[in-house]
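Novice:
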Amino acid sequence: MFRHIQKLVILLISWSIVLLFPIFTASAATSGNTSSKYDSTIDSPLEDDFDRYIKSQRRRKILAGTDRTSFVVYDISQNKKIVSINEDRQMMAASIIKNFVMLAYFHEVKYGRQKHTAVNKGNLRAMIRYSSNPSTNYFIRLLGGPAQVNRILKANYRYFKQTRIVEYIPASGRTYKNMTSARDLSTFFLRLWQGKLPHSEKMKWYFKLKNGDYIYKQTYIPASVEVYNKTGTVYGLVGDGGVLVLRDPQGRARPYIFIGLMEDRTKTNRGNRWQSFYDWKNRRAYILRRLSEQAYKYIYEKHYGGRLVRR
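For the sequence shown, my numbering begins at 8 and goes up steadily by one.
(1) Could you spell out the range, first to last residue, of the beta strand (DSSP E) harbouring residue 238?
(2) Going along the chain, which unbroken runs of the beta strand (DSSP E) with 3 or more residues stay wholly within the region 197-269?
(3) Measure the C-alpha to C-alpha separation of residue 104 and residue 246 and round it to an integer number of angstroms.
(4) Taking the alpha-carbon positions, what's the residue 312 to residue 229 distance?
(5) Grab me the residues of residue 163's own chain with a C-beta within less than 8 Å of its C-beta, minus the 5 sequence neighbours each way, in chain order.
(6) Within 10 angstroms of its Cβ, does residue 200 collect 16 or more other Cβ (buried), or is it exposed?
(7) By alpha-carbon positions, which one of 137, 280, 239 ends up nearest to residue 248?
(8) Go to residue 91, then tell me how far its beta strand (DSSP E) extends in each direction, as first and last residue.
(9) On a Cα-Cα basis, can you pick out the residue from 302, 122, 231, 130 that is closest to residue 56?
(10) Flag this pair as touching only if the region 288-305 and the region 67-81 have three or more C-beta atom pairs under 8 Å; answer yes or no.
(11) Run the CB neighbour count on residue 153, radius 10 Å, all protein chains shown included, and call it buried at 16 or more, exposed below.
(12) How close, in whole Å, do the beta carbons of residue 109 and residue 83 come, if the pair is a contact with beta carbons under 8 Å?
(13) Three-state secondary structure (DSSP) at residue 171?
(14) What do you reckon, are the CB atoms on residue 146 and residue 183 nearer than 8 Å?
(15) First and last residue of the beta strand (DSSP E) that includes residue 75?
(16) Determine contact between the region 267-279 and the region 86-99, defined as no fewer than three beta-carbon pairs at a distance below 8 Å.
(17) Just reading off the alpha helix (DSSP H) that residue 129 is part of, what are its end residues?
(18) Which two residues bound the contiguous alpha helix (DSSP H) that contains residue 163?
(19) So the alpha helix (DSSP H) residue 304 belongs to, where does it begin and stop?
(20) Provide the residue span of the alpha helix (DSSP H) that contains residue 54, from first to last.
(21) Of all the options 209, 197, 235, which has the alpha carbon lying nearest to the alpha carbon of residue 252?
(22) Buried or exposed for residue 79, going by 16 or more other Cβ atoms inside 10 Å?
(23) Thinking C-beta only, is residue 171 closer than 8 Å to residue 157?
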């Protein structure tokens with residue numbers, strides 16, 4: 008009788024292993040199915056959290072297989088990068104290219120080749136705060152056209168490796184040819200904050216104007232946090248990047264950079280735009296907001312010993 012029970016137990020264990028094996032292999036296949044590129048020098052739980060969240064959105068079909076993502080989170084106070092995911096990947100810039108148009112303009116102002124007139128101030132405000140495409144084209148034309156703006160950047164700011172300006176923004180607003188990267192954007196905002204770009208304080212003033220964003224509004228990030236940012240949105244790219252300044256428990260300002268880009272180049276083809284633009288955009292904006300919350304919580308609690316109280 009005892010020998011019969013032994014055989015039965017062995018049989019049950021064998022069947023359990025057989026049944027569980029497909030689950031393990033499927034899980035391994037899923038975890039390996041990613042083209043994300045990480046900086047191996049960064050050992051950050053936050054980067055792992057970002058990765059898990061993006062993968063969960065892919066499993067839920069919120070993000071398609073054709074969606075590509077890039078992220079950088081950088082604590083300026085601690086001079087520490089804590090998220091680096093595909094940051095060197097060249098992505099469509101959409102309206103985020105306006106950061107670099109403004110930089111090229113202020114470069115020319117610094118060297119006396121342009122005047123910071125009332126008309127130009129008004130167009131800068133419209134370009135950054137309201138993301139005005141006509142105002143952007145005004146500056147590109149003022150500086151000599153897309154190729155000349157690109158030359159100004161390449162000749163004087165060679166650390167922007169993936170950024171290029173090759174077109175005016177079309178009347179439709181669907182600008183797909185101007186490019187940048189999460190790395191270039193994080194470098195832009197770091198050097199801006201360090202005062203290493205021409206007229207950095209003036210540029211910071213424009214970025215701080217109240218505007219649309221995907222990293223602060225509709226999040227639980229406290230109202231006391233200051234935001235200096237610029238979004239980019241077109242059917243094919245949803246992005247936001249800038250500096251957020253939190254207050255640590257002692258009341259000291261602690262700036263950090265958040266860059267998030269989500270791109271699907273198949274959407275440049277009208278035939279692939281089966282989803283309404285607003286639904287497509289809002290789903291990705293939601294993801295950026297949740298990741299921005301995670302970044303704030305991690306930095307506030309892990310770097311500065313705070314305890315987050317949601318608003």
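Just so it is clear, CB atoms sit at the ideal spot from N, CA and C, and this is done for glycine as well.
Predicted, not measured: the structure shown is a model, and the values here were computed from it.
Specialist: Based on what the coordinates show:
(1) Per DSSP, residue 238 belongs to the beta strand (DSSP E) from 233-241.
(2) Qualifying beta strand (DSSP E) stretches, in chain order: 233-241, 244-254.
(3) One C-alpha to the other measures close to 11 Å.
(4) So the alpha carbons of these two residues sit roughly 16 Å apart.
(5) Excluding five sequence positions before and after residue 163, the CB atoms of its chain that fall closer than 8 Å to its own CB belong to 114, given in chain order.
(6) It is buried - the Cβ of residue 200 has at least 16 other Cβ atoms within 10 Å.
(7) Measuring from the Cα of residue 248, the nearest candidate turns out to be 239.
(8) If you look at residue 91, you'll find it in the beta strand (DSSP E) that goes 87-92.
(9) The shortest Cα separation from residue 56 among 302, 122, 231, 130 belongs to 302.
(10) Cβ pair count under 8 Å is three or more, so yes.
(11) Burial of residue 153 is indicated by the presence of at least 16 other C-beta atoms within 10 angstroms of its C-beta.
(12) Residue 83 and residue 109 do not touch by the CB rule: their CB atoms are close to 20 Å apart, not below 8 Å.
(13) The answer is strand: DSSP assigns residue 171 an E or B state.
(14) No; because the gap between Cβ atoms is not below 8 Å, this pair is not in contact.
(15) That run of the beta strand (DSSP E) goes 75-82.
(16) Verdict: yes, contact present.
(17) Run containing residue 129: 125-136, per the alpha helix (DSSP H) assignment.
(18) 153-163 is the extent of the alpha helix (DSSP H) around residue 163.
(19) Counting along the chain, the alpha helix (DSSP H) containing residue 304 begins and ends at 284-305.
(20) For residue 54, the uninterrupted alpha helix (DSSP H) segment begins and ends at 52-66.
(21) If we check each option's Cα against that of residue 252, 235 comes out closest.
(22) With 16 or more other Cβ atoms within 10 Å, it is buried.
(23) Cβ atoms of residue 157 and residue 171: closer than 8 Å.
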